[in-house]
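To start, the structure under review is shown below, and the notes come after it.
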Amino acid sequence: MTTNVTFQARINGQEVTATVSPRTLLVDFLRDHLGLTGTHVGCTFEGVCGACTVQLDDEAVKSCMLLAGQISGHQVLTVEGLAQGGSPHPLQAAFQDAHALQCGYCTPGILMNMSDFIGRNEAPTDDEIRAALVGNLCRCTGYSHIVEAVRNAAHAIKARKGAAA
Amino acid sequence: MNADSRFAVIGKPVVRKEDVRLTAGRGQYFADLRIPDALHCVFVRSSHAHAEIVSIDTAATRRAQGVVAVFTGEDIKDRLAPLPHPIVVPNLPGKFPKHWPLAVGRVKFNGEPVAVVVATDRYLAEDAAELVDVVYSDLPYVGSPEEAMRPGAPIIHEGWENNEIFSMSFTGGYTAETVQANVDEVQAIIDAAPVVLCENFKVHRTGVTALEPRGVMATWSEDDGLTCWITTQRPHIDRLALAEVLELSTQQVRVIAPRDQGGGFGTKAPFYRESILIPWLAKTLKKPVRWLESREESLLVVGQERDQRHEITVAASRHGKILGLRARIVADNGDGCMGVYWGFVMPVLGAVTLPSGYDIPKCDIQLRCYVTNKPSLSPSRSFGSFPGRFVIERMMDILARRLAKDPIEIRRLNLVGSFPYITATGCHLDSGDYRKALDTLVSSVNVPEFRALQKTLRDQGRYIGVGFGTGVEISGIASDVFVQLENQPGYGSATVRIDARGRAQVLEGDAPQGTSHETTFAQVVAETFGISIRDVQVQTGDTANTPFGSGSLGARGGSYTVSAVVNACRNLREKMARIFIHDRKLNALPADIEFEGGFVFPALDRDNKVSFAELADRIIMKPIALPPGEQAGLEATDYFEAAKPMFYFGAHACFVEVFPKTGEFKISRYVTCEDAGTVINPLIVEGQVQGGVVQGLSNAMLEEFVYDEYGQQLTTTFEAYKLATAPDVPHIEVTHSFTPCPHTPLGSRGIGEGIPGPVPGALVNAVCDALEPFGIEINQLPLRPDKIWHLLGAHFHSAQAKPNLRQAKAE
Amino acid sequence: MKSGPTSHFELSIQMETPMYPAPIESLLSPTTVDEVLRALSESGGKETLAIAGGMSLMQAMKSRLSRPDTLVDLNNVAELRGISWQDGALRIGAMTRYVDLARAPELQDGAFAAIADAARNVGDRQVRNRGTIGGSLCWNYVAACIPVASLAIGPTLILSSRDLAGKVQTRSVAIDEFLLGPMQTARDSDELLQAIVFAKPEECSGSAYRKWGVSAATLPIVGIGVGLTVDRGGICTSARVGVGGLVNGSQRLQAAERALPGLSAESAGAIADLFLAAAQTVEVQSDSWATTDYRRLLIQEIGTEVTLKAFDRATKGNRR
């Protein structure tokens, strides 16, 4: 006898109340129940590709490796919530400028991972960026432009902070 | 890369239009498309590699919660025509194994679909599918071409005499007599040559799986028939094939490729079992039906390519000029049950292009493809040619070492120097300057400085090396070849439409998967009409409203399709100019009229202008007093192909350090030089090169489909089938060598298809160059530290000493 | 049916390609240890599993090799997280995540540094934001990092359960008695691993861990952890060596442990020799990634490298 899980969570800044079966994956909850299809699924159960990466309490996690019910009382940020007041996030702008995507399937997961990463490492080296990207597979770009975009975005954010100071 | 000064917008590194929505998470991929009340399918797939199906019990499955229907091969075989069907059969003399979308009687590889469960929900469908009880009776596993060709081997396809699915000689001759004459001539060349090399090569089973798995969704209505959404590179071909296989009129079939696709690289080009079955289910159940592939299914069934063995004999002059090439190629075809490609079309192209960009006067190339208990080979970037490029580039280095010559000089000596050039196998190399590309590459990497450093480091017990690889690749295949190879036309096509407000729309029948059509076509249209890229919209992949195209493959987009866009635009521009001249009563020709900055005006009287939008409105909405014979409206469709196939050329250089103690190696630098002709968007070209090289490295070093002795596939997750991650690969430096292509309106060649080709040669040549003091030659892929270490160990054991600095062995 | 060379389940299933967990009847989200123990003890015949980071268990559930009826989420039990000194011993809560272990000041150097070495490189950063030390130890995957690093130091594991009378029982199990073989531990199904306690180290102790894989994002082919103590002269007086990724999973490499005492960081050659010799004493597999001989070479290379690092950390204690 299944007992559905009712929970409350903050998704992209909005309070959400939902009832799901216990086995509903977080990625399916986001995509199917909330219509937030920016988060993608690229592997089966192994949780290696990283296309499903979102932020849980400001930390990058793979949403295919969590159950929806586990986010009760927590906050989730998806790629749809990354833009800041109508303007693209510096990473999104940097990805566009540096041609850091081709098919775009891995991109939301990388954006969510990297926005967490550069939030904690404001001047990363290219090697550090590459190491941080281990959990995101990209088949199209060969990673070079992605590394460039992340580096540029980190600089831009740092410069903005410096200007604001 | 300097922007092309001939153009305003072409050649500029324009940021891609599609990136705004893709970085915002607003992509529209297959899995994002929803139809309310769609039923979901899950396949039950064979856990056995080769077996009789004794029984399939679906009783419990049918009773399970949410289940609407269950089908097995027995259920469908009398209701659905099997393949082969002419529309998806090439004009090549091979065998085409009969197969239905579900196994009938036997399963022939681990992963073959055996039953399909249709339910109201994906999770419930999976629960129900677990209840399907299949009883198998094992048959012996045929796991390699060697086993498949053995006399007395189990015959995999019923009614066949043997497991050979395709066999052909590529010598330039087309009759038994001319083939034999060529074979004899090559033998004579070998007998007389001062230098003869014999080597064996083996390239493993690998390919380019896309990050987005496949999906098929279909609806059926009594009035309009089937509407199908398929992750496909070829919606128009799928539409034709579906109509024929399901015995519907083409008017009753519409195929739509989703606006965004997460990569294809060839793996979304075949006419798959699932592409047939899901639409059939929709038509049969009269309900929308949806199937979303899992990664495990994808790795079980899709994206397996390469897997060829080569026995090579090269005859050369004392100076290193190759006089003749003999090759015996064997390919592990898998079951071959794959519409359009049947497993062997890829090795065919690989065999035909084995000479690559080299001037080899006579060739005796024989290809044999054998059916095994694995899924069929499916197309992967560098279509059939990845092993052949590895082989020929290794032979160049082995030849250089044999003659104590510079590997760059050996290549320069042998590269084709004047165009057009017909290879000994009949390939038409249309244009280019291969030596210039190689020289451009070499001059950008300062080889003499590297050689000095190499010597210094060897004295310190460190081993660095440089390796080169080159490759020609198809860049648009003309119909005279494509009709034979795939029974489909080779042209690229596009419709360009201007609306009454001066906005342009491009309609393309092929479906991009990250190949940037939305932006490159917009650049081309904007350039021709002098309007903003923002005012150009590109729509792709819907058979209801786009002109016929055979699909996004073989770099057709940047070669043929973009040329069709250009021609259609020029057609419309000329028409607009004629009407403008007529309206303003000018004494001028269309060529005298400029389209710039959103305005139209004579070059010699810039103030006598009209806005582009106003002119369009006049022609569409107010078609009064048009010039005699001129029609209203602004829409043009163009079908473009060059008379002969086009090829582009790339040269790569790879720098490594090898650590003999463990066999590990590190790529310190990787540089390419590509000749793509006129570059429409340098950002996009660079992206294609970087991505293609990394795919090549990932294939060469990491990815491998592995089967155990029972035919169980062991690499069905991304943990086991390892794709390169960011720290595994270097930054790829991209340089260009420009020669215009004389066959296209812009002088552009398509790029993308063959970039992985030169990679394994460049990489392995670099490692062998680093380990030259040990005399190691590596002729197998994948390249792994343990394999290098074992080769060195064998060397050490025979030398009975620690490595020392010896000169290269001279034969 | 195998799901790849990483699977150890012999169960043959027809399904072949599952993506979603089998039905779960309930997902519990306790916030105290007591609630957890109650849920584990009152399973009522239902398969009840606790989920920690979930990085391994979710794989097993989604591939349907594991089919719990009841899932007890440990992620909201604050008591289970955290690192603290208690009478000179270091107590690490079982739910402490890799990301927190990697940057814990208590683990950056010295006797327990192998734990941080291991935690820093598990999986990827998304995995490290969820995976836990307790989860890794209880799963005891054949090539996992934390069990091997733990074997190199020798902690004690604190396990609790609730008996029929409702009384909480607690026991301590040494790591050597806890890890029993690939995917097997001494934890009973109703027990909760609460904490891992690292006893106050001897002076001049150091540990280190490193794994080897063909690519950066890889399950390790081989992982080695070494913990040792040196005297004032830098000579090793005792050593523990753990190896993972071989046929029998995380295990002690006794042959190496016996040969290290008496050596110093200056004896790199002797260290290499002893690891190569020790590599002959354990069962080593061969597969498409690495042959048996190559794995033995890796044991030698990585073992030497890790030992020298452990020496360096241990002798820093001399210099304090």
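Residue numbers (our numbering), protein chains in the order written: chain U, 1 to 165; chain V, 1001 to 1811; chain Y, 2001 to 2320. No residue lacks a Cβ here, since even glycine has one placed at the ideal position from N, Cα and C.
CA-CA distance, U/Asn152 and U/Glu128? Walking along the first sequence from the start, residue 152 of chain U turns up at place 152. Walking along the first sequence from the start, residue 128 of chain U turns up at place 128. When rounded, the distance between both Cα atoms is 14 Å.
Do you know how far the Cα of V/Gly1011 is from the Cα of V/Ala1700? Looking up residue 1700 of chain V in the second sequence gives position 700. Looking up residue 1011 of chain V in the second sequence gives position 11. Those two C-alpha atoms are separated by around 32 Å.
So which residues of chain V does Y/Tyr2294 contact, with C-beta pairs closer than 8 Å? Here residue 2294 of chain Y is taken as the residue at index 294 of the third sequence, counted from 1. The contacting residues are Gly1663, Pro1785, Asp1786, Trp1789, His1790.
Using a Cβ-Cβ distance cut-off of 9 Å, determine whether Y/Thr2307 contacts chain V. The sequence position of residue 2307 of chain Y within the third sequence is 307, counting from 1. Answer no: the Cβ-Cβ gap between Y/Thr2307 and chain V never drops below 9 Å.
Closest Cβ-Cβ distance between V/Gln1180 and chain U: below 9 Å? Counted from its first residue, the second sequence places residue 1180 of chain V at position 180. No, no contact with chain U.
At a cut of 8 Å, does the stretch 1322-1338 of chain V reach the stretch 1066-1073 of chain V through at least three beta carbon pairs? No contact exists between the stretch 1322-1338 of chain V and the stretch 1066-1073 of chain V.
Tell me which residue opens and which closes the beta strand (DSSP E) that Y/Asp2124 is part of. Walking along the third sequence from the start, residue 2124 of chain Y turns up at place 124. Run containing Y/Asp2124: none; DSSP gives neither H nor E here.
Secondary structure at V/His1204, three-state DSSP: helix, strand or coil? If you number the second sequence from 1, residue 1204 of chain V lands on position 204. Here DSSP, grouped into helix, strand and coil, assigns V/His1204 to strand.
Residue burial classification, Y/Trp2289 (beta-carbon count within 10 angstroms, cutoff 16): Translated into positions along the third sequence, residue 2289 of chain Y becomes position 289. Of the other Cβ atoms in all chains shown, 16 or more fall within 10 Å of the Cβ of Y/Trp2289; this residue is therefore buried.
C-alpha distance - V/Leu1805 paired with V/Val1764, whole-angstrom precision: Working through the second sequence from its first residue, we reach residue 1805 of chain V at position 805. Working through the second sequence from its first residue, we reach residue 1764 of chain V at position 764. With a pLDDT of 30 at V/Leu1805, under the threshold of 50, the modelled position of this residue cannot be trusted, and the question is left open.
Compare the C-beta of U/Pro90 with all C-beta atoms of chain V and state if any pair is closer than 9 Å. Here residue 90 of chain U is taken as the residue at index 90 of the first sequence, counted from 1. Under the Cβ criterion of 9 Å, U/Pro90 is not counted among the residues facing chain V.
DSSP state of U/Ala126 mapped onto helix, strand, coil: Taking the first sequence and counting its residues from 1, one reaches residue 126 of chain U at position 126. The question names Ala, yet the displayed sequence has Asp at residue 126 of chain U. In the structure shown, the three-state DSSP call for U/Asp126 is helix.
Within 10 Å of its beta-carbon, does V/Val1508 have 16 or more other beta-carbons around it, so buried, or fewer, so exposed? Residue mapping note: residue 1508 of chain V aligns to position 508 of the second sequence, counting from 1. With the sequence shown as reference, residue 1508 of chain V is identified as Glu, and Val is not the correct amino acid for it. With 16 or more other Cβ atoms within 10 Å, it is buried.
Compare the C-alpha of U/His99 against each of V/Asn1487, V/Gln1690, V/Gly1761 and name the closest. On the first sequence, position 99 is the one that residue 99 of chain U refers to. Distance check between U/His99 and each of V/Asn1487, V/Gln1690, V/Gly1761 places V/Gln1690 closest, using alpha-carbon atoms only.
Would you please verify whether the beta carbon of V/Gln1537 is less than 9 Å from any beta carbon of chain U? Reading the second sequence from its first residue, position 537 is the one you call residue 1537 of chain V. At a cut-off of 9 Å between C-beta atoms, V/Gln1537 does not count as an interface residue with respect to chain U.
Backbone CA spacing between V/Thr1543 and V/Val1255 [nearest angstrom]: Position 543 of the second sequence, counted from the first residue, corresponds to residue 1543 of chain V. Position 255 of the second sequence, counted from the first residue, corresponds to residue 1255 of chain V. Each residue's Cα considered, the two are about 6 Å apart.
Member of V/Val1481, V/Leu1485, V/Gln1304, V/Phe1265 whose CA lies at the smallest distance from the CA of U/Gln102: Working through the first sequence from its first residue, we reach residue 102 of chain U at position 102. That would be V/Phe1265, whose Cα lies nearest to the Cα of U/Gln102.
DSSP state of V/Ile1035, grouped into three classes? Taking the first residue of the second sequence as 1, we reach residue 1035 of chain V at position 35. Of the three classes helix, strand and coil, the one that applies to V/Ile1035 here is coil, per DSSP.
So, under 8 Å CB-CB, V/Glu1733 and V/Val1679 are touching, yes? Tell me the CB distance rounded to an integer number of Å. For the purposes of this step, residue 1733 of chain V is taken as residue 733 along the second sequence, with counting starting at 1. For the purposes of this step, residue 1679 of chain V is taken as residue 679 along the second sequence, with counting starting at 1. 16 Å between Cβ atoms; not a contact.
Assign V/Leu1604 to one of two classes, buried (16 or more other C-beta atoms within 10 Å of its C-beta) or exposed (fewer than that). Stepping through the second sequence from its first residue, residue 1604 of chain V is reached at position 604. V/Leu1604 sits exposed, since fewer than 16 C-beta atoms from the chains shown fall within 10 Å of its C-beta.
V/Asp1032 touches chain Y at which residues, Cβ-Cβ below 8 Å? Taking the first residue of the second sequence as position 1, residue 1032 of chain V is located at position 32. Ordered by position in chain Y, no residue passes the 8 Å Cβ test against V/Asp1032, which lies about 17 Å from the chain.
Considering just the uninterrupted stretch of the alpha helix (DSSP H) at U/Gln97, what are its terminal residues? Along the first sequence, read from residue 1 onward, the residue named residue 97 of chain U stands at position 97. First, the amino acid is wrong: residue 97 of chain U is Asp here, not Gln. U/Asp97: member of the alpha helix (DSSP H) spanning 90-97, first to last residue.
Please name the residue, chosen from Y/Leu2253, Y/Gln2254, Y/Thr2304, Y/Phe2198, that lies closest to Y/Ile2271 on a Cα-to-Cα basis. Counting from one through the third sequence, the residue named residue 2271 of chain Y turns up at place 271. The shortest CA-to-CA distance from Y/Ile2271 to any of Y/Leu2253, Y/Gln2254, Y/Thr2304, Y/Phe2198 is the one to Y/Thr2304.
Using a beta-carbon distance below 9 Å, is U/Val5 in contact with chain Y? As a first step, residue 5 of chain U is located in the first sequence; it is residue number 5 there, counting from the start. U/Val5 has a beta carbon lying within less than 9 Å of a beta carbon in chain Y.
Residue burial classification, V/Arg1234 (beta-carbon count within 10 angstroms, cutoff 16): Taking the second sequence and counting its residues from 1, the one referred to as residue 1234 of chain V is at position 234. Its Cβ being crowded by 16 or more others within 10 Å, V/Arg1234 is buried.
Determine the chain V residues that contact Y/Ala2022 at a beta-carbon separation under 9 Å, and present them in chain order. Within the third sequence, numbered from 1, the residue matching residue 2022 of chain Y stands at position 22. The answer, in chain order, is Glu1126, Asp1127, Glu1130.
Residues that V/Arg1122 contacts on chain Y, provided the C-beta gap is smaller than 9 Å: On the second sequence, position 122 is the one that residue 1122 of chain V refers to. Those within 9 Å of V/Arg1122 in chain Y are Met2019, Tyr2020.
Kindly list, in the order they appear in chain Y, the residues whose Cβ is closer than 8 Å to that of V/Lys1722. Along the second sequence, read from residue 1 onward, the residue named residue 1722 of chain V stands at position 722. Result: Val2214, Ser2215, Ala2217, Thr2218.
Which residues share a DSSP beta bridge with V/Lys1095? Start at 1 with the first residue of the second sequence, and residue 1095 of chain V comes out as number 95. Beta bridge pairing from DSSP links V/Lys1095 with no other residue.
How would you write the range of the beta strand (DSSP E) that V/Tyr954 sits in, first residue to last? No statement about residue 954 of chain V is possible, as the shown extent of chain V runs from 1001 to 1811 and does not include it.
Answer yes or no: does any C-beta atom of chain Y fall closer than 9 Å to that of V/Leu1702? In the second sequence, the residue the question calls residue 1702 of chain V occupies position 702. Yes - at least one Cβ of chain Y is within 9 Å of the one on V/Leu1702.
Just to check my reading of the structure: U/Ile157 and U/Pro90 have Cβ atoms closer than 8 Å, yes? What is that Cβ distance to the nearest angstrom? Position 157 of the first sequence, counted from the start, is the residue given in the question as residue 157 of chain U. Position 90 of the first sequence, counted from the start, is the residue given in the question as residue 90 of chain U. Going by Cβ atoms, the distance from U/Ile157 to U/Pro90 rounds to 5 Å, so yes, they are a contact pair.
Look at the Cβ atom of V/Gly1471, then the Cβ atom of V/Gly1757, and state whether they are nearer than 9 Å. If you number the second sequence from 1, residue 1471 of chain V lands on position 471. If you number the second sequence from 1, residue 1757 of chain V lands on position 757. Cβ distance < 9 Å, so V/Gly1471 and V/Gly1757 count as in contact.
Since Y/Ala2278 and Y/Ala2256 should fall inside the 8 Å C-beta cutoff, what is the C-beta to C-beta distance between them, to a whole number of angstroms? The count along the third sequence starts at 1 and reaches residue 2278 of chain Y at position 278. The count along the third sequence starts at 1 and reaches residue 2256 of chain Y at position 256. Their Cβ separation, rounded to whole angstroms, is 4 Å, which keeps Y/Ala2278 and Y/Ala2256 in contact under 8 Å.
Buried or exposed by the 16-neighbour rule on C-beta atoms within 10 Å, applied to U/Asn121: Walking along the first sequence from the start, residue 121 of chain U turns up at place 121. Exposed, by the Cβ-count rule.
What residues from chain V crowd round Y/Ala2052, counting only those whose CB sits closer than 7 Å? Taking the first residue of the third sequence as position 1, residue 2052 of chain Y is located at position 52. Within 7 Å of the CB of Y/Ala2052, no CB atom of chain V is found; the nearest one sits about 19 Å away.
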